[in-house]
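Numbering (our numbering), first residue to last: 10 to 690. We put the beta carbon where it would ideally sit given N, CA and C, even for glycine.
If you want it as structure tokens, here you go:
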């Protein structure tokens, strides 16, 4: 037993496991073996003791009476949620017997793992699971639901997930939050922005919805969904036309600035205003502020990439700091992702060499409904962990129809009987992060952190590492790497000779210190990991890959003849579906609402607080409407993924398209269209 677990009372270091850029350092207070309080670690250099409401109330989730305590098998119809208790031996025997039979009759590719980052621990999310499924020969999952389109776009411009150190943003004099509700999803960047503001910084928010971050801004700029690249190009037009670019920087550190200068002539403010809904004078004001204030910093959000044109959108905005030479100024530049600095040895961690068939099919997780209903040869078994696709995946009515297939053998490993778990044949209870050893790397700040177990296992729950080791053993796999300890896996993951930033960070150091900062140096002057070694305003690689080589605005795909663009963004108290089943967090958030412009409401005879039907050819929701000027005409926004409880229709992803974005096979959650009508009493 781990030393922290042995001590029934005390305060222990920990780390937040949520899929959030902040990845806070925590202190866990324990009494008589139970966590009684969670607070921020005041000594953590970035998060400094501040934590969000979600995590402050995490004990409600860990000790929720609805939490799964033991394995179960289904006794009712799929989706009904009727189960009976079984032993771990029976569960593992049932799963492996079924898989052996399927491998014999349909081959290993009839089995599909489906997972994401419900727990950001690298062992939980991409460790023993990957090793096991590679060895099994299962179909591969393209885990592209979140940031892959933007990551691909950023890579074309900057060579990877590289931005400035967020700790330096206290020196910024202009901060633009672009497409990110940072108050709810990156609170420590807001804390740093507040410090910068006290030193005279101006804060601009560009978004489709005046959410809490929009209200926090000195200037909020509403924009039509999916048109952000056009606004960035309009800014470039003015920066070049009014000679607000840093020519020396462009010559020394970029390729393609001459081509870009000519290219953006077509994106004049009148044209751009027509596309974006941003007034011409505001485009001038924004571009001039950006061109004249230094250091300037852009926090590029996650939401922007959830469009048909998401990859190109991120690629375009990422070009802006180069035009004004911000990368050489402390507090200047941008952050979309900083994951490149903390890149692990994923080959060592995931062991793709165990996969014998190098032509194994790859299935895009955004197309789960399609894959379950239309793929040939079909998927016969699904193993779900770290995610809840019945609510989270796009076009979710289609997903649920697929999950309801009688001939589909479904296993779910989770802390709760989620909406997805109700379709499972076997449900396995999962440990919380506070019960495991795991490695954590932020995709925003530069610290690597370790979690050591703090509490005993809840009921009979097991970690992902243990479950896949049990399955490997029962399948008769003998590969030693399937039975390695967490400590061995963490050591292998950190041993990455290709990443100089991780030098000197190892398992032993983390155990001693809890968190260690990577050896990050400013990006420039230096060589970027792009083909030219410079910032690529013109990208030959993009040209070779079939994209326009220069930043370009492309309109959203046709999503049917519906009058409103529909954006289902995150809310303040849930993280995707995590906490959406917890009474306390629901009480904070109250109820789902549809935000609508007053002009649209008047034209439809809708009043504030009315129940409205939101629908398209994929599904429908019934929501209460909030009317005002928080969104532009022609746009409606909801916040949060709400569980569909009896008598409600809150499944917003039943409305979202399962098309794939322009790059990285990303999701297009925010490129759907809907109609809205008042529900008549």
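Rounded separation between residue i and residue j - CA only
i           : j           : result
residue 482 : residue 447 : 22 Å
residue 498 : residue 506 : 16 Å
residue 33  : residue 49  : 7 Å
residue 575 : residue 16  : 50 Å
residue 213 : residue 186 : 6 Å
residue 95  : residue 81  : 5 Å
residue 172 : residue 210 : 20 Å
residue 618 : residue 66  : 29 Å
residue 305 : residue 254 : 13 Å
residue 480 : residue 264 : 51 Å
residue 153 : residue 399 : 17 Å
residue 174 : residue 184 : 14 Å
residue 654 : residue 597 : 17 Å
residue 287 : residue 328 : 20 Å
residue 262 : residue 268 : 15 Å
residue 531 : residue 350 : 11 Å
residue 159 : residue 137 : 27 Å
residue 170 : residue 64  : 26 Å
residue 112 : residue 128 : 30 Å
residue 230 : residue 594 : 30 Å
residue 669 : residue 381 : 17 Å
residue 473 : residue 132 : 8 Å
residue 690 : residue 623 : 16 Å
residue 615 : residue 410 : 33 Å
residue 367 : residue 452 : 30 Å
residue 608 : residue 636 : 9 Å
residue 86  : residue 658 : 21 Å
residue 35  : residue 201 : 19 Å
For residue i, the residue or residues it bridges with in DSSP
i           : result
residue 647 : 577 and 603
residue 545 : 264
residue 149 : 371
residue 392 : 122 and 420
residue 505 : DSSP, once it has assigned bridges, lists no residue as partnering residue 505.
residue 5   : Outside the modelled stretch of the chain, which goes from 10 to 690, sits residue 5, for which no answer is possible.
residue 229 : 214
residue 622 : 631 and 686
residue 450 : 457
residue 669 : 676
residue 182 : For residue 182, which the question treats as bridged, DSSP gives no partner whatsoever.
residue 637 : 606
residue 514 : DSSP output for residue 514 lists no bridge partner at all.
residue 6   : Outside the displayed range of the chain (10 to 690) lies residue 6, so it cannot be described from this structure.
residue 524 : 458
residue 681 : 575
Beta-carbon spacing of residue i, residue j below 8 Å
i           : j           : result
residue 413 : residue 88  : yes
residue 23  : residue 463 : yes
residue 372 : residue 145 : no
residue 364 : residue 408 : no
residue 150 : residue 123 : yes
residue 401 : residue 586 : yes
residue 514 : residue 527 : yes
residue 583 : residue 650 : yes
residue 680 : residue 317 : yes
residue 130 : residue 445 : yes
residue 275 : residue 303 : no
residue 40  : residue 18  : yes
Contact test: residue i Cβ vs the ligand NAD heavy atom, cutoff 7 Å
i           : result
residue 200 : No copy of the ligand NAD occurs in the structure displayed, which carries no ligand at all.
Beta carbon proximity, residue i to chain D, threshold 8 Å
i          : result
residue 58 : No chain D appears in the structure shown, which is made up of a single protein chain.
Item to complete: Output the residue ranges of the beta strand (DSSP E) runs that lie fully inside the region 554-608 and measure 3 residues or longer, sorted by chain position.
Response: 573-578 and 602-606
Practice prompt. Just list the alpha helix (DSSP H) runs in the region 246-275, keeping only unbroken ones of 4 residues or longer that don't cross its boundaries, in chain order.
Written response: 256-262 and 266-272
Item to complete: List in chain order: all unbroken beta strand (DSSP E) runs of 3+ residues lying wholly within the region 81-114.
Response: 81-83 and 92-94
Worksheet item: What are the start and end residues of each continuous alpha helix (DSSP H) run of 4 or more residues lying completely inside the region 281-343, in chain order?
Response: 289-301, 319-326 and 329-332
Practice prompt. Kindly confirm or deny that the region 452-465 and the region 98-117 touch, where touching means at least three C-beta pairs closer than 8 Å.
Written response: no
Worksheet item: Are the region 534-554 and the region 163-171 touching by the rule of at least three beta carbon pairs closer than 8 Å?
Response: yes
Item to complete: Check whether the region 217-231 touches the region 187-200, taking contact to mean three or more Cβ pairs, one atom from each stretch, closer than 8 Å.
Response: yes
Discussion item. Assess contact between the region 627-642 and the region 602-616, defined as three or more Cβ pairs (one per stretch) separated by less than 8 Å. Is contact present?
Written reply: yes
Practice prompt. Check whether the region 318-332 touches the region 552-564, taking contact to mean three or more Cβ pairs, one atom from each stretch, closer than 8 Å.
Written response: yes
Worksheet item: Counting pairs of beta carbons, one from the region 287-297 and one from the region 236-255, are three or more of them closer than 8 Å?
Response: yes
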